[in-house]
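Below you'll find the structure, written out as structure tokens, and then a few comments.
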Amino acid sequence: MTSEDVTPNPKNRVCPWWLCFTFDNPLRKLLHNPEAILSPYVHPGDRVIDIGPGMGYFTIPLARLVGPEGHVIAIDVQEKMLSALRSRAKKHGVSERIEGYLASQKSLGIHEKADFILTFWMAHEVPDQSLFFREVRDLLKPGGLLLLAEPIMHVSQKYFLRTLQSAIEIGLAVKESPKIRLSHSVLLGFGK
12 MTSEDVTPNP KNRVCPWWLC FTFDNPLRKL LHNPEAILSP YVHPGDRVID IGPGMGYFTI
72 PLARLVGPEG HVIAIDVQEK MLSALRSRAK KHGVSERIEG YLASQKSLGI HEKADFILTF
132 WMAHEVPDQS LFFREVRDLL KPGGLLLLAE PIMHVSQKYF LRTLQSAIEI GLAVKESPKI
192 RLSHSVLLGF GK
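And the structure:
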């Protein structure tokens, strides 16, 4: 058996909240500049959902991009992540644009439609990807976009392609494949 045959998260564990301190640091901007990655897809006034936001590395820049008329919903399964995100959002002056939402392991549990949804380095933690992508699809407005990015050091190309296939099977289509360092990444939406 090769590493490509192993599911990256066989016990469906989520990233521990304390580990996100290593992801959410100023040096990461050299690899993942949130504004550069997100600004082609997110505009002032947009409604955005950040699934698995950690402590807000992308959420806070998303709030800046949507501006005072926009709104960001940050969904996580760990209250400690959302608590840290709320604290950081307040410090950065964007807390009024961000709503934290605690999801369950089985469902996102929200029904608000979004112009853009971000799933950055988290889809491999989801136990039922077909159900997950159905929920995500149902949250997209017509013309809405989903940016899916997975870490290349943790998720094999083979597993990423299976994940992508789960999204395609429920009606999403590949719009483009943006280059994001250390990531398998794809932009999805409706139609061709």
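Residues in the sequence shown are numbered consecutively from 12, following my numbering. Idealized CB from N, CA, C, for every residue including glycine.
Taking all protein chains shown into account, do 16 or more other C-beta atoms lie within 10 angstroms of the C-beta of Ala-184, making it buried, or fewer, making it exposed?
With fewer than 16 other Cβ atoms within 10 Å, it is exposed.
To test your reading of the DSSP string, which unbroken beta strand (DSSP E) runs of 3 or more residues are found completely within the stretch 53-91?
If we require 3 residues or more, the beta strand (DSSP E) runs fully inside the stretch 53-91 come out as 58-62, 82-87.
Look at the alpha carbon of Asp-126 and the alpha carbon of Asp-57, and state the distance between them as a whole number of angstroms.
Asp-126 and Asp-57: Cα-Cα distance of roughly 6 Å.
CB contact flag (Ile-86, Ile-109, <8 Å):
The answer is no: Cβ separation not under 8 Å.
Which residues does DSSP pair with Glu-1 in a beta bridge?
Given that the chain is displayed from residue 12 to residue 203, the structure contains no residue 1 and the question cannot be resolved.
If you draw a straight line from the C-alpha of His-165 to the C-alpha of Ala-134, how long is it?
Approximately 12 Å, taken between the alpha carbons.
With DSSP as the reference, label Asp-139 as helix, strand or coil.
Reduced to three states, the DSSP call for Asp-139 is coil.
Residue from Gly-202, Ile-181, Glu-187, Gly-182 whose Cα sits closest to the Cα of Ala-160:
Selected option, being the one with the closest Cα: Glu-187.
Hey, Leu-199 and Leu-156: beta-carbon distance below 8 Å or not?
Yes; because the gap between Cβ atoms is below 8 Å, this pair is in contact.
Classify Arg-75: buried if its beta carbon has 16 or more other beta carbons within 10 angstroms, exposed otherwise.
Arg-75 counts as buried, since at least 16 other C-beta atoms from the protein chains shown sit within 10 angstroms of its C-beta.
Going by Cα to Cα distance, which pick from Leu-42, Pro-138, Gly-67, Tyr-68 is closest to Ser-118?
Here the closest residue by C-alpha is Pro-138.
Candidates Ser-106, Gly-154, Met-92: which alpha carbon is nearest Ile-128's?
Relative to Ile-128, the option among Ser-106, Gly-154, Met-92 whose CA is nearest is Gly-154.
Please state the DSSP three-state secondary structure of Lys-169.
The three-state secondary structure of Lys-169, taken from DSSP, is helix.
Using CA atoms only, rank isn't needed, just tell me which of Gln-140, Trp-132, Glu-90, Glu-136 is closest to Ile-163.
For the options Gln-140, Trp-132, Glu-90, Glu-136, the alpha carbon positioned closest to that of Ile-163 is the one of Trp-132.
What residues are listed by DSSP as bridge partners for Glu-110?
DSSP, once it has assigned bridges, lists Ile-84 as partnering Glu-110.
Within this structure, are the beta carbons of Ile-84 and Glu-123 separated by less than 8 Å?
Taking 8 Å as the Cβ cut-off, Ile-84 and Glu-123 qualify as a contacting pair.
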